[in-house]
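In our numbering, the protein residues as written are 11 to 573. Just so it is clear, CB atoms sit at the ideal spot from N, CA and C, and this is done for glycine as well. Everything below concerns the one structure shown next.
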């Protein structure tokens, strides 16, 4: 999407003037700003700008470090990384403030733009009016979807006024989800002429499409159904399945790693991504910190800014599964001297160019994946199983399609597979718990380092028990029930005393929430896909950095692998 750079458009980023820090820059005649199609497109680019600002560092640092799977490496540059990684959440962490502020910048921009485009007097063509409004509706829904999961009750900003954000109060979680639903349904309707990215011109690849809205609706409905106190969760699960089935214009890449290849930035699997282009940042790089954080120490043994918590996460992957090498980099050769480093701690590979890892770390120009077709399939499989308390043929096909690509069998066969079709697919006859475990494992295999892990552990209600199983004492000794939410930033609460603090954090007088119940996470049958015995097996059989499990195809973690 060549035109969607980190633009500071006339309505883009906001001055710090009021309770939510979202008042537009003073002196602009907002009523007459949009006078053409070009103005409307520039305005929505400003909404995308908040996404580019937040996705690769703000969201990533909070939800990656705040999970079991990722920790801050030895070279992590700021106290915030270590505090988040060690579950020392507090209301002064800058990345948590930015998770609030950046997304409200985007929400306010989107609300301003939707308001202008809903006015028939705004001189914009009908086609662009609908398209741009659909993009803005989607982005507002996405930003709200993030903050309602991160913070819980949050202020809803849906009506534009000069005093937008002043003295607002936190709205109920259910109200926020209802607005997310409304915005995404409206977005899909407005984007009817843009079902997939192919409907856009070459300079606009990567913009939001109608099926982007369908895909995010499916994921939002699944999450909503699994949220505390949601009425009629089965109706939400039915909708998750319905909208997953509407995503028909996308397909899986043949090669898993192509999702992050520099030459396939807008591939056939990508429904939604944050776009990073060289020179859009003042430092001259693309601005995607995921590329830098995973390889910030280059070919040295010192661990980079972000690294996997321990080798058991690497060891969980089957060697025959192409996602293992697509997710982790175990060694790299320095093109300047020809020396190969075998890393003691594998690096995340998704945002590293294998041909020139140092260049990709410096340039930071690869797109940040947000929603892929593979995840839509996994959402569908999970929703069916949760709805029916058992899988059916449709659920099996959804997850097995992802697995066939992973093992390069069936329609994804290229002659290099080392597993058979039967070995790649799930065994038939799984009950509800067996299939649930399989789906939860599959999400780790498919989506590691794609900023979903904390969200998954939260909605499965296994966050605390899962983190307590890792080797890192800074994680397992510090995680508490309160970490099902992040604290509201102190700076925002100082501006607006109506913004009460989340339970468990300093200054809170909130009522005791459901997640404070010692029985909230259920018994041992409710887990992240691995039982206590299987985790113990993994820690008793940790691979060596010099050999790994690549010398042992079909590595088994104590049961039929991946099943």
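Its chain contains 361, 370, 371, 374, 376 as the residues whose beta carbon lies nearer than 6 angstroms to that of residue 301, once the 5 sequence neighbours on both sides are disregarded; these appear in chain order.
The way I'd put it, the stretch 48 to 64 does touch the stretch 122 to 131; three or more beta-carbon pairs between them come closer than 8 angstroms. C-alpha of residue 45 to C-alpha of residue 258: approximately 36 angstroms in a straight line. The stretch 332 to 343 makes no contact with the stretch 222 to 241, as fewer than three CB pairs between them are under 8 angstroms.
Put simply, the stretch 142 to 156 does not touch the stretch 177 to 184. Fewer than three CB pairs are less than 8 angstroms apart. Here DSSP, grouped into helix, strand and coil, assigns residue 356 to strand.
Going by C-alpha positions, residue 247 is about 16 angstroms away from residue 466. For the pair residue 500 and residue 83, the Cα-to-Cα distance works out to about 27 angstroms. DSSP lists 382 as the beta-bridge partner residues of residue 280. Around the beta carbon of residue 552, fewer than 16 other beta carbons lie within 10 angstroms, which makes this residue exposed. Nearest to residue 73 by alpha-carbon distance, out of 105, 47, 89, 60, is 105. Residue 170 is positioned such that its CB atom lies no closer than 8 angstroms to that of residue 221.
Beta-bridge analysis with DSSP links residue 246 to no other residue. For residue 90, DSSP assigns no beta-bridge partner whatsoever. Here residue 510 is not near residue 492, since their CB atoms are 8 angstroms or more apart. Taking C-beta separations shorter than 7 angstroms and ignoring five residues to either side along the sequence, the partners of residue 333 in its chain run 266, 327, 416, 455, 456, following chain order. By the Cβ neighbour-count rule, residue 133 is exposed, with fewer than 16 other Cβ atoms within 10 Å of its own.
Look at residue 115 here: in three-state DSSP terms it is helix. Taking one beta carbon from each stretch, the stretch 183 to 195 and the stretch 99 to 115 have fewer than 3 pairs nearer than 8 angstroms; the two do not touch. Restricting attention to alpha helix (DSSP H) runs no shorter than 4 residues, the stretch 192 to 268 encloses them at 220 to 235, 243 to 255, ordered along the chain.
Per DSSP, the continuous beta strand (DSSP E) segment holding residue 338 begins and ends at 338 to 343. For residue 317, the secondary structure class from DSSP, reduced to helix, strand or coil, is strand. Put simply, the backbone Cα of residue 208 is about 14 angstroms away from that of residue 282.
Between the stretch 388 to 401 and the stretch 439 to 454 there are three or more inter-stretch CB-CB distances shorter than 8 angstroms, so the stretches are counted as touching.
Within the same chain, Cβ atoms closer than 6 angstroms to the Cβ of residue 392 are found at 449, the five residues on either side in sequence being excluded. For residue 230, the closest of 495, 299, 154, 285 by C-alpha to C-alpha distance is 154. Scanning 251, 226, 310 for the CA closest to the CA of residue 280 turns up 226. Contact annotation: residue 549 and residue 481 have beta-carbon atoms nearer than 8 angstroms.
Beyond the five residues adjoining it in sequence on each side, residue 47 comes within less than 6 angstroms, by CB distance, of 134, 135, 138 in the same chain, given in chain order. Shortest Cα-Cα distance from residue 97 to any of 118, 199, 405, 473 involves 473.
In terms of Cα proximity to residue 388, the closest of 525, 233, 468 is 233. In this structure, the straight-line span from the alpha carbon of residue 337 to that of residue 355 is close to 13 angstroms.
For the 8 angstroms CB-CB criterion, residue 269 and residue 263 form a contact. As the crow flies, the alpha-carbon of residue 544 is around 14 angstroms from that of residue 444. Around residue 223, the same chain offers 148, 194, 197, 198 as residues with beta carbons nearer than 6 angstroms, after the five sequence neighbours per side are excluded.
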